[in-house]
Structure formats: structure tokens, C-alpha cells
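As C-alpha cells, the structure follows; a few thoughts come after it.
Numbering (the working numbering), first residue to last: 109 to 290.
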């Protein structure tokens, strides 16, 4: 379902994107070329700040928002998902938040009030809350990263984790083409 928010903003969705008919895209949302939005995903830009302003939720080209993902923002803050990035099943991205290019966010993970650098891998069931992650950073499954977490204890992204992330992004671009052909 594609609909306006209370401010009257309607999503802008690239012609080449695929949005599943069960997904909800509401308000000031910009979806780029070849983006895949899976079943039951919710991308909702409808809250405003104290002055009535709202930044968009932007999904970059060739990214995928998988089944059951929720993307929303507090008080009109921006959410940006870069290009060739994957937000896996049932994850939550709650703004303010920036996710870089070629990023993988694993199943059931939560991002809030953070920036995730290019090439990062956040594995399944992890939380990043109030702490920015540098480029090519690796977060193991079930890890909680907060404002005071010492990031030096974590290894950089391995070649195999990067290859996995790239494979997921490629697979979902292929899915866009397949679903658009139906």
C-alpha cells in the first residue's frame, strides 16, 4: 500500500523498483532504482519535528528491504539507506539513522540514532543504539553496541562476510528484475 502521510507527502518510487503489494510505504519516502521492498515491510515517514518539518526516508539504488522490515523516524529525522545495501528480515531501522553503501544488516537487528559506515556487516539479532560505526566494521551476531561500547574489541569485516553481503545485494537486484517481469 502506497499512501500519503498526514502532511500530504506521497512516496517517490523509481519505476525500476519493486515494492511487494503487502508492503506499506507512507509519506516522505524516496525509493531509488532497482530497489527491492519485500512482503510486509513498512517504510513510514510521517512524524514531524517541533517546527512541523520532516526529513525524508531515502533508500538508495540497488538496495533491498526484506520481509517484515520496519523503517521509521522519530520527530521527522532523516533515515538514509545507501546503495547496494541489505536490510534483512524483520530488522528495525529507526531514525535518526544513516546506513552507508554496501552494508548488510542481519535478521532481527535494530539500528537507532546511529550512522553505519560503508561496507559494514551487522550480523543477526544485534543492536546498534547511539553509536556510529566506522567503514568496514563487523558486528557479530547478538551483539549490543551502545554509546560507550569500545569498538576496538571488534575485528574488521572479513572477506567472506563482505562477499556474503555483496551476494545478497546481487540476488535481490535479480529478484527485482524477476518480479517486475511477472
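Glycine included, each C-beta is placed from N, C-alpha and C at the ideal position. It should be emphasised that the depicted structure is a prediction, and the values quoted were computed from it without experimental measurement.
It is roughly 15 Å from the alpha-carbon of residue 164 to the alpha-carbon of residue 178. In this structure residue 219 is buried. Its beta-carbon is surrounded by 16 or more other beta-carbon atoms within 10 angstroms.
Collapsing the DSSP output to three states places residue 118 in coil.
Listed in chain order, the non-local C-beta contacts of residue 170 below 6 Å within the same chain comprise 142, 191, 192, 281, local neighbours out to five positions each way being set aside. In this structure, the straight-line span from the alpha carbon of residue 221 to that of residue 202 is close to 7 Å. Taking 8 Å as the upper bound for CB-CB distance, residue 149 and residue 175 are in contact here, some 7 Å apart. With respect to residue 251, residue 234 sits close: the two C-beta atoms are nearer than 8 Å. A residue is called buried when at least 16 other Cβ atoms come within 10 angstroms of its Cβ; residue 209 meets this threshold and is buried. Within the same chain, 126 come within 6 Å of residue 287 by CB-CB distance, once the 5 residues on both sides are set aside. Annotation for residue 253: 236, 239 place their beta carbon closer than 6 Å to its own, counting only its chain and skipping 5 residues before and after. When DSSP states are grouped into helix, strand and coil, residue 148 belongs to the coil group. Straight across, the Cα-Cα distance linking residue 131 with residue 173 is about 10 Å.
In the DSSP assignment, residue 203 falls within the unbroken beta strand (DSSP E) covering 200–207. Excluding the 5 residues flanking it on each side, residue 111 has same chain C-beta neighbours closer than 7 Å at 134, in chain order. Here residue 166 is buried: its Cβ has 16 or more other Cβ atoms, across all protein chains shown, within 10 Å. Counting along the chain, residue 219 sits inside the beta strand (DSSP E) bounded by residues 218–224. When rounded, the separation of the alpha-carbon atoms in residue 144 and residue 285 is 9 Å. For residue 214, the number of other beta carbons within 10 angstroms of its own is at least 16, and it is reported as buried.
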